[in-house]
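Numbering (my numbering), first residue to last: 30 to 133.
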């Protein structure tokens, strides 16, 4: 499954079913650029367990504000539309895999 780019308009629909890891990011954010290839790898290896979505906080401030995102990257893990976990800042691949496995 490819990484999905979500917006204020389709956010609820994209996060309502199953396990979804949402990366709140911005194009100018250094740590966001560092975590992108990690998320690509996880998407390739764990797409049967989790959907990965990216939300540009500059273009979708309503959703970022609704979840109180103050620092980026912030990764929120949703299960059937509800936030079940959160990490802030760059995370190594193993930490993200453990986070996903804990809720899968």
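Using N, Cα and C, we set each Cβ at its ideal position, and we do this for glycine too.
Selection from the options that minimises the alpha carbon distance to residue i
i, options, result
"residue 36", "47, 46, 48, 54", "54"
"residue 85", "101, 132, 49", "101"
"residue 42", "113, 82, 59", "82"
"residue 59", "79, 46, 103", "103"
"residue 39", "114, 110, 128", "110"
"residue 138", "87, 57, 56, 50", "Summary: the structure shown does not reach residue 138, with the chain confined to residues 30 through 133, and so no result is reported for it."
"residue 127", "44, 56, 63, 78", "78"
Sheet register partners of residue i (DSSP bridge)
i, result
"residue 34", "83"
"residue 67", "DSSP output for residue 67 lists no bridge partner at all."
"residue 111", "108"
"residue 54", "85"
Burial state of residue i, where buried means 16 or more other Cβ atoms lie within 10 Å
i, result
"residue 75", "buried"
"residue 98", "buried"
"residue 52", "buried"
"residue 90", "exposed"
Same chain, Cβ closer than 8 angstroms to residue i, neighbours up to 5 away in sequence not counted
i, result
"residue 121", "67"
"residue 31", "72"
Sequence-distant residues of its chain with Cβ nearer than 7 angstroms to residue i (five each side left out)
i, result
"residue 108", "48, 132"
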